[in-house]
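Here's the structure, in structure tokens; my notes come after.
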Amino acid sequence: MTVTGQDTLNARRTLTVNGASYDYFSLKAAEAAGLGDTSRLPFSLKVLLENLLRYEDGRSVTVDDVKATASWNGAPSASEEIAFRPARVLLQDLTGVPAVVDLAAMREAMLKMGGDAQKINPLCPVDLVIDHSVMIDNFGTADAFEKNVKLEFTRNKERYEFLRWGQKAFSNFRVVPPGTGICHQVNLEYLAKTIWTTEEDGKIIAYPDTLVGTDSHTTMVNGLAVLGWGCGGIEAEAAMLGQPISMLLPEVIGFKLTGAMTEGTTATDLVLTVTEMLRKKGVVSKFVEFYGPGVDQLSLPDRATIANMAPEYGA
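In the numbering used here, the protein residues as written are 368 to 682.
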């Protein structure tokens, strides 16, 4: 899948680092072309704006879409719809396995039509983390973990044979086996890159890491400054196949953090307080950005804990 469009606003620039050149889409360059001041935008909208600039093709993303996002004024919009294309997709096993079945069915249909089945692949990187179906039969012993994993492979042998085939058959598709960790934890610790790169027409394109995931707590990765949220299986499959996710330009709520947590308090205390405050405020389907001097006092695990709870306050 191509990750660049026609660049009407001439925003594409080149950055050289340690002898390697990377093309990227500059908001400052777009400003110079008449886009307007983007420095006032919340960081999350800057990521969306870069996404629109990069994919602007005159069809799914138009210059008007880019300008509407750049002119965001903080007021809720019930009409401005944008087409977002995440850099990658995260699946958990309960929704991921059916997605792989659908890909296999598409290959079979392609064969029946006399086409090349090998052309059916996810168009963006997809990671399937097996965690939801794992059962706990053994506990309280040193070898409980190993026994549970062994039982999981025995119980679901056909599933794992199918997924092994899928990982070999499809490009852009990886499977993380059971016992590795919870999907949003694995995403944060192993899969997230913060900056993604793709080669296109002999050029390396650099762009922000973004994703949608079929686990509601995909938002946890926002603690690492990677924009991502949970979605349904159909949306995830559409994104896998290169289709944009249609969404209204979101309202962004700022949450200012000051000071530091006192001795004896934990991230759990903080996140429960934050969740209570945001539920009272009402932030369903909105973006929430945390800012202020207090953010610097939080470790990454603390930030990830707050981000993880976004579904509990509806953001």
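For every residue, glycine included, the Cβ atom is placed at its ideal position computed from N, Cα and C.
Just so we're clear, the structure is a prediction, and the values are computed from it rather than from any experiment.
- Taking Leu645 as reference, the option from Gly386, Leu665, Glu679 with the minimal CA-CA separation is Glu679.
- In this model, Ile601 and Leu555 are separated by some 23 Å (Cα to Cα).
- Distance from the CA of Lys623 to the CA of Cys598, rounded to the nearest whole angstrom, comes to 27 Å.
- Taking a 10 Å sphere around the C-beta of Phe506, we find fewer than 16 other C-beta atoms and assign the residue as exposed.
- Judged by DSSP secondary structure, Val464 falls within the alpha helix (DSSP H) whose first and last residues are 460 to 479.
- The residues Asp576, in chain order, have a CB closer than 6 Å to that of Lys560 in the same chain once the five nearest residues on each side in sequence are set aside.
- Comparing C-alpha distances from Ala437 to each of Ala627, Pro409, Gln459 shows the shortest one belongs to Pro409.
- In the structure shown, Thr381 falls within a strand segment according to DSSP collapsed to helix, strand and coil.
- Secondary structure of Gly590 (DSSP, three-state): helix.
- Following the DSSP letters along the chain, one finds Ala674 inside the alpha helix (DSSP H) bounded by residues 667 to 675.
- With 16 or more other Cβ atoms inside 10 Å of its own Cβ, Val543 counts as buried.
- Segment contact: the stretch 614 to 629 against the stretch 568 to 587, fewer than three CB-CB distances shorter than 8 Å; contact not assigned.
- For the 9 Å CB-CB criterion, Val464 and Leu495 form a contact.
- By the C-beta density criterion, Pro660 is exposed, having fewer than 16 other C-beta atoms within 10 angstroms.
- For Leu419, the three-state secondary structure derived from DSSP is helix.
- Secondary structure of Met644 (DSSP, three-state): helix.
- Around the Cβ of Ala603, a 10 Å sphere holds 16 or more other Cβ atoms; the residue is buried.
- A straight-line Cα-Cα distance of about 11 Å links Met502 and Phe520.
- Minimum Cα-Cα distance from Thr383 among the listed residues Gln373, Thr508, Ile572 corresponds to Ile572.
- In the pairwise beta carbon analysis, the stretch 464 to 482 is classified as not touching the stretch 629 to 644: fewer than three pairs are separated by under 8 Å.
- Straight-line measurement puts the Cα of Leu412 at about 34 Å from the Cα of Gln534.
- Sixteen is the threshold: when 16 or more other Cβ atoms of the shown chains lie within 10 Å of the Cβ of Arg421, as they do, the residue is buried.
- Counting only runs of 3+ residues, the beta strand (DSSP E) found wholly inside the stretch 538 to 562 occupies 540 to 543, in chain order.
- Using a C-beta cut-off of 8 Å, the stretch 451 to 458 makes no contact with the stretch 518 to 532, since fewer than three inter-stretch Cβ pairs fall below that distance.
- In the three-state DSSP reduction, Lys570 falls in the strand class (E or B).
- Relative to the Cα of Ala397, the nearest Cα in the group Lys434, Thr564, Gly681 belongs to Lys434.
- The C-beta separation of Ala682 from Pro453 comes to about 17 Å, leaving the pair out of contact by the 8 Å criterion.
- Per the coordinates, the alpha-carbon of Asn488 lies some 7 Å from the alpha-carbon of Asn539.
- Residue pairing of Ile601 in beta bridges, as defined by DSSP: absent, with no partner found.
- For Phe520, the enclosing alpha helix (DSSP H) has its first and last residue at 511 to 522.
- With 16 or more other Cβ atoms from the protein chains shown falling within 10 Å of its own Cβ, Ala677 counts as buried.
- For Gln610, the closest alpha carbon among the candidates Ser427, Leu415, Ala466, Glu417 is that of Ser427.
- In this structure, Gly621 lies near Val655, with their beta-carbon atoms less than 9 Å apart.
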